[in-house]
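Working notes for the structure below.
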Amino acid sequence: MKKIKILGTGCAKCHKLEENAKAAAAALGLDCEFEKVSNINDIVKFGILAMPGLVVDDKLVSSGKVLSAEDIKKSDRLNSVASRFLSLAWVQICR
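Position 64, counted from 1, in the sequence shown is what this note's numbering calls 78; the numbers after and before it change by one each time, with no gaps.
This is the structure in structure tokens:
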């Protein structure tokens with residue numbers, strides 16, 4: 015299960031990024047746990063200077079912008095899991 019964190023204080027951009035991340039995960043068929051991180055001390059630990067931030071499995075993916083669902087789907091952090099899952103599914107089908 016992927017752990018996705020949305021870093022931000024709860025502004026409209028933070029909410030939009032969360033919505034887009036959920037849409038991307040759903041489109042890729044990934045099982046994800048979402049967490050909103052709004053405590054500024056916790057946000058600073060990720061080293062971002064601008065919000066919102068997107069973190070996948072404790073790795074910062076983006077900061078300071080609202081990625082679209084399409085951009086998030088193209089992220090290496092999400093794509094590696096989706097491609098491995100699809101490869102395993104294909105192997106099972108071909109057996």
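Ideal placement from N, C-alpha and C gives every residue a C-beta, glycine not left out. As the structure is a computational prediction, the values presented were derived from the model and not from experiment.
Separation of G24 and G67 (C-alpha to C-alpha, rounded to the nearest whole angstrom) is 11 Å.
In terms of Cβ geometry, K19 and V58 do not form a close pair [threshold 8 Å]. Exclusion of the five residues before and after L21 leaves V51, I57, F60, I62, M65, P66, G67, V69 as the residues of its chain whose Cβ lies within less than 7 Å of its Cβ. Its chain contains I20 as the residues whose beta carbon lies nearer than 6 Å to that of E32, once the 5 sequence neighbours on both sides are disregarded; these appear in chain order.
By the 16-neighbour rule on beta-carbons within 10 angstroms, K17 is exposed. Nearest neighbour of D72 by Cα position, chosen from S82, K36, I54, E49, turns out to be E49.
In the three-state DSSP reduction, C25 falls in the coil class, being neither helix nor strand.
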